[in-house]
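The following block contains the structure:
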């Protein structure tokens with residue numbers, strides 16, 4: 100166990116060098132989260148697809164969990180139960196656009212993970228890194244339970260549980276629990292828990308703050324520093340359903356999967372679920388009595404239970420739905436929680452945007468109209484008055500102050516930006532596939548994925564470490 | 100599928116370049132044995148131990164099955180369901196002795212497998228290669244079902260089903276089905292099926308020929324070139340017991356395993372089996388109602404059913420026992436078949452040597468005394484008269500002609516050589532472990548083995564090929 104202990108100490112020191120100056124010591128959080136006695140219990144999974152260029156190199160590293168990786172280098176790292184996807188890496192010669200300027204990539208973009216500690220974390224890499232477009236870098240970052248790093252560089256950052264760093268560059272900053280940011284460079288900033296902050300310099304700024312008392316109910320820690328709260332409770336009862344999947348190498352789909360759709364063998368699909376054409380169910384997604392209409396996608400760590408998705412609906416990473424009906428092309432953002440019950444279902448009209456980190460914990464049946472935007476914390480139909488607005492209204496506003504929301508800037512640009520992104524996500528995931536090669540997306544390209552599994556050393560000085568591995572195309 | 104087809108063509112051409120001149124075209128045998136439609140069905144397993152230096156490099160290769168490998172390079176190769184063990188490789192600086200001369204290794208010994216096609220084959224590497232002691236080479240070799248390559252270089256050789264190349268160097272030669280050789284350089288020779296030939300130049304020569312009609316019953320082929328016969332029938336009913344083992348990553352031993360013993364998680368252990376101290380059960384061994392006394396070992400591909408081993412017994416690769424009782428320190432050679440039934444059990448006395456490729460297919464109860472040597476084909480107690488001899492008698496003979504056996508040379512040296520080897524095998528396998536590090540063997544050193552699993556590409560041009568992989572210590 101000597102090597103792994105030394106490695107953990109090393110990571111803590113590297114991250115603290117950056118974060119102690121802004122008041123955060125990660126030592127306790129890291130030590131509480133790594134159960135060293137469990138590190139030898141699991142295999143690490145690396146998924147290879149025939150449609151993505153890949154190259155894996157791991158060194159001095161402990162790695163665990165399941166991955167979909169493209170070109171990747173990892174160095175002196177602990178990466179636990181993380182999904183790091185490399186299916187949107189840019190190839191050599193691709194042109195990247197930043198603030199109206201363009202630059203060509205001199206080599207295939209590569210994911211670097213150095214001195215990192217990520218736990219149950221999704222790193223998704225549609226990269227927006229203007230600093231070095233050839234490298235998707237994470238460096239020394241601590242990302243806690245179920246946090247998302249989406250399309251960006253982070254360096255020396257701390258991401259709290261269920262937090263999301265979206266599209267953005269972070270440098271030496273702290274993201275509180277359940278905080279969501281899409282705000283560019285956050286160097287030396289601390290984002291408090293439950294803040295949902297979207298800023299595009301010179302254009303708009305969306306800023307919502309969940310009440311601390313609500314965050315405390317959903318994301319909190321017990322006396323021993325272990326994650327608890329309603330999100331954790333929600334996951335706990337269902338997490339064990341994933342275990343047999345990882346114990347078995349054989350896979351037979353429990354439901355029919357159309358030829359143009361994708362169901363990960365590492366997704367849980369239970370009861371009367373069904374998948375439409377061009378739909379996609381990512382690994383670690385959980386479906387139970389869920390109907391996914393054509394072109395819908397269920398992304399990593401999302402839960403869709405007793406719910407129907409009409410078609411072209413997006414459930415982003417970590418989204419959770421129970422007793423919810425979605426009309427056509429509804430977007431449910433990161434980590435949103437649409438929690439209906441049998442007698443208090445949730446209905447969402449076509450074209451509606453559910454903002455990331457929205458909690459709808461329905462006490463009564465709730466209906467959200469078509470083409471609306473919803474945010475914050477909603478328990479009743481009445482709550483929607485200060486937590487939603489029609490997209491048309493929102494587009495025409497320059498300033499909004501409504502409950503805990505503050506918006507200023509170009510409402511139209513903000514909504515347009517979301518709509519563009521929704522189209523991009525549908526395209527990328529293959530929702531519009533028509534049989535032509537040019538319209539293929541993840542649902543079609545990821546079908547023939549195969550897996551390499553690595554087991555750590557089980558004893559001796561290197562116990563819990565993995566061997567140095569290079570897997571490459573010829 | 101293009102790449103794999105090209106690779107198979109390439110291997111056939113390379114092997115035929117060497118073997119056609121001596122009258123063997125391997126094309127048909129290779130094509131009949133590779134079910135290309137099944138090549139994507141299985142994972143390849145590579146076992147890493149903390150006690151053996153290892154380094155794996157696979158390139159342009161298709162690899163399948165389970166392995167225990169040490170330092171290994173593979174190149175442009177198809178290797179199916181093979182065990183290639185690297186646990187007796189010599190380290191840099193080790194001194195190798197050949198014919199009284201010594202030479203020091205300038206680097207760690209490494210296994211090379213180039214342009215090879217091996218199917219359900221064991222390659223075991225206590226190397227006796229005087230040509231280049233740093234390389235355990237196989238090069239372009241076709242080894243058919245359940246053949247053994249034990250401790251040697253082979254180049255451009257063809258090994259028939261259930262054949263064994265023991266300790267020896269082969270060059271461009273053909274080994275018939277169920278043939279066993281331990282005879283040094285066999286360049287440009289064809290060894291006919293069922294021959295058991297042990298030669299030590301200038302010292303002795305043991306030469307037994309199974310009747311062709313007997314080999315035909317045990318090892319034969321159907322009209323489509325598929326392996327059939329009694330050996331194949333024997334395996335067929337039991338092979339499916341291995342499958343669930345490979346589908347599952349979880350492992351719980353079905354029987355208690357003493358701390359100083361080893362049970363591979365890829366062995367089948369059924370019913371009332373038990374393992375004694377310092378015993379070893381290798382991968383792909385099959386135990387059913389089998390009692391293994393202290394220090395006994397069950398090597399790869401052996402079957403021990405309704406049988407008892409008193410202690411320090413050796414069942415070499417491919418040995419098969421039913422309703423058999425072994426006294427202390429009995430040696431059962433490669434591929435021997437001790438086939439008793441409930442009312443026709445086989446009892447073997449302490450210290451007895453059952454020669455490799457011996458068939459005892461008991462029609463009645465058969466008892467073999469202590470310190471005997473047995474060979475050939477035995478069906479009744481009476482058959483032993485011309486198929487066995489006391490070790491003492493044998494040691495004093497210079498010429499033996501008995502049934503199909505011809506022996507000439509120093510009987511004492513022959514028996515002494517066997518006894519030395521038996522001691523070596525017991526030592527190497529850890530049968531004499533007494534808690535001191537110096538007495539550890541495979542049973543103790545292999546305990547903390549972990550596995551890396553690789554899945555081939557499932558579609559596209561590279562379908563059924565594996566990626567290029569380098570796994571190395573840091």
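Residue numbers (the working numbering), protein chains in the order written: chain L, 100 to 573; chain D, 100 to 573. Using N, Cα and C, we set each Cβ at its ideal position, and we do this for glycine too.
7 Å CB neighbourhood of residue i in its chain, flanking five on each side removed
| i | result |
| --- | --- |
| residue 573 of chain D | Model confidence at residue 573 of chain D stands at a pLDDT of 49, short of 50, so the residue's coordinates are unreliable and nothing is read from them. |
| residue 125 of chain D | 111, 114, 115, 118, 241 and 257 |
| residue 457 of chain L | 432, 435, 473, 474 and 475 |
| residue 580 of chain D | In the structure as shown, chain D starts at 100 and stops at 573, and residue 580 of chain D therefore has no counterpart that could be examined. |
Cβ pair residue i, residue j closer than 8 Å
| i | j | result |
| --- | --- | --- |
| residue 374 of chain D | residue 394 of chain D | no |
| residue 233 of chain L | residue 204 of chain L | yes |
| residue 183 of chain D | residue 168 of chain D | yes |
| residue 473 of chain L | residue 453 of chain L | yes |
| residue 320 of chain D | residue 326 of chain D | yes |
| residue 467 of chain D | residue 447 of chain D | yes |
| residue 269 of chain D | residue 217 of chain D | no |
| residue 376 of chain L | residue 357 of chain L | yes |
| residue 547 of chain D | residue 559 of chain L | yes |
| residue 262 of chain D | residue 279 of chain D | yes |
| residue 408 of chain L | residue 419 of chain L | no |
| residue 561 of chain L | residue 102 of chain L | yes |
Beta-carbon contacts of residue i that lie in its chain and below 6 Å, excluding the five residues immediately before and after
| i | result |
| --- | --- |
| residue 387 of chain L | 369, 370 and 404 |
| residue 249 of chain L | 223 and 265 |
| residue 423 of chain D | 406, 437, 439 and 445 |
| residue 464 of chain D | 443 and 444 |
| residue 131 of chain D | 324 |
| residue 165 of chain L | 144, 365 and 382 |
| residue 317 of chain L | 328, 329 and 330 |
| residue 429 of chain D | 412, 447 and 451 |
| residue 517 of chain L | 452 |
Residue i, enclosing alpha helix (DSSP H) - first and last residue
| i | result |
| --- | --- |
| residue 132 of chain L | 126–132 |
| residue 462 of chain L | No alpha helix (DSSP H) contains residue 462 of chain L, which DSSP labels as neither H nor E. |
| residue 517 of chain L | 510–527 |
| residue 156 of chain D | Not the alpha helix (DSSP H): residue 156 of chain D falls in the beta strand (DSSP E), residues 154–158. |
| residue 494 of chain L | 490–495 |
| residue 344 of chain D | 342–346 |
Endpoints, the beta strand (DSSP E) within which residue i is located
| i | result |
| --- | --- |
| residue 333 of chain D | Element bounds for residue 333 of chain D: not the beta strand (DSSP E) but the alpha helix (DSSP H), 329–338. |
| residue 388 of chain D | 385–391 |
| residue 541 of chain L | Note, residue 541 of chain L: premise wrong, no beta strand (DSSP E); alpha helix (DSSP H) at 541–544. |
| residue 419 of chain L | 419–421 |
| residue 369 of chain L | 367–369 |
| residue 174 of chain D | 170–174 |
| residue 298 of chain D | 294–299 |
| residue 247 of chain D | 247–249 |
Contacts around residue i, its chain only, beta-carbon distance under 8 Å, and the 5 residues preceding and following it disregarded
| i | result |
| --- | --- |
| residue 483 of chain L | 465, 467, 473 and 477 |
| residue 201 of chain D | 194 and 195 |
| residue 332 of chain D | none |
Closer than 7 Å between beta carbons: that is the criterion. Which residues of the region 558–571 of chain D meet it against chain L? 558, 559, 561, 566, 567, 568, 569, 570 and 571
For the region 335–363 of chain D, which residues have a beta carbon sitting closer than 8 Å to at least one beta carbon of chain L? 345, 346, 347, 348 and 349
If you measure beta-carbon to beta-carbon, which residues of the region 524–554 of chain D are closer than 9 Å to chain L? 546, 547, 548, 549, 550, 551, 552, 553 and 554
Meets three-Cβ-pair contact criterion under 8 Å: the region 332–349 of chain D and the region 335–349 of chain L: yes
Positions along the region 125–151 of chain L whose CB lies within less than 7 Å of some CB in chain D: 142, 147 and 149
Is it a yes or a no for the region 206–221 of chain D touching the region 275–283 of chain D, going by three-plus beta-carbon pairs under 8 Å? no
Under 8 Å, with one C-beta from each stretch per pair, do the region 495–514 of chain D and the region 294–312 of chain D reach the 3-pair mark? yes
Contact between the region 133–145 of chain L and the region 544–558 of chain L (3+ Cβ pairs under 8 Å): yes
Which residues, in order along the region 205–233 of chain D, keep a beta-carbon less than 7 Å from a beta-carbon of chain L? none
Cβ-based contacts, 9 Å cut-off: residues of the region 360–386 of chain L near chain D: none
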